[in-house]
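Okay, so here's the structure we're looking at.
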Amino acid sequence: MGVDYIRNQSGKPHRKRWADGVDRLKQPGFFDVEFGSEAWFVTATLSGDCVPELGEGLIVQADRDGSCSVFAGLVKVASIAEPCPTVLATLAENCGIAAAIVDRIGSFGDTVELRLS
Numbered sequence: 018m019g020v021d022y023i024r025n026q027s028g029k030p031h032r033k034r035w036a037d038g039v040d041r042l043k044q045p046g047f048f049d050v051e052f053g054s055e056a057w058f059v060t061a062t063l064s065g066d067c068v069p070e071l072g073e074g075l076i077v078q079a080d081r082d083g084s085c086s087v088f089a090g091l092v093k094v095a096s097i098a099e100p101c102p103t104v105l106a107t108l109a110e111n112c113g114i115a116a117a118i119v120d121r122i123g124s125f126g127d128t129v130e131l132r133l134s
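When the letters of the sequence shown are read in order and numbered with my numbering, they come out as residues 18 to 134.
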């Protein structure tokens with residue numbers, strides 16, 4: 018009475034649940050997502066009247082006292098007073114410098130958020 022009863026009562030031929038399983042496995046799923054490289058974000062305090070634009074490329078340089086300076090070319094535009102140890106380690110691996118991109122400018126125009134790459 019098990020399978021025969023179900024087939025007769027359903028009104029259509031019985032179809033196994035995993036019949037389309039191979040096709041479903043070929044479709045992208047939740048765990049197929051690939052993330053890009055890891056990025057570090059730091060907040061720098063602007064110095065002077067220079068305000069960089071969004072997307073502008075800057076250079077972050079580690080200083081001897083544990084802080085960091087941010088340069089646009091040869092001009093110092095910002096500083097990072099207390100960068101986290103992982104940012105300092107990343108800078109140390111790259112001879113003390115790293116490229117950065119301006120992701121956001123603070124509401125009052127005195128800080129910028131930088132993405133280290």
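The beta carbon of each residue, even a glycine, is placed where N, CA and C say it ideally should be.
According to the Cβ coordinates, are residue i and residue j closer than 8 Å?
| i | j | result |
| --- | --- | --- |
| L133 | V77 | yes |
| L63 | V129 | yes |
| I118 | G72 | yes |
I need the straight-line Cα distance from residue i to residue j, nearest angstrom please.
| i | j | result |
| --- | --- | --- |
| Q44 | T103 | 37 Å |
| L108 | I114 | 5 Å |
| S124 | G83 | 27 Å |
| A56 | R81 | 24 Å |
Just to confirm my understanding: we take residue i, look at its own chain, exclude 5 residues before and 5 after, and list those with CB closer than 6 Å. What are they?
| i | result |
| --- | --- |
| C85 | V77, A79, I97 and P100 |
| L75 | V87, A89 and A117 |
Identify, in the order they occur along the chain, each residue of the same chain with its Cβ nearer than 7 Å to the Cβ of residue i, setting aside the five sequence neighbours on each side.
| i | result |
| --- | --- |
| V59 | I97, P100, V104, L131 and L133 |
In the DSSP assignment, what are the bridge partners of residue i?
| i | result |
| --- | --- |
| V20 | The partner list for V20 (beta bridge, DSSP) is empty, contrary to what the question assumes. |
Apart from the five residues just before and just after residue i, which ones in its own chain have a Cβ nearer than 8 Å to its Cβ?
| i | result |
| --- | --- |
| G126 | L63 and V68 |
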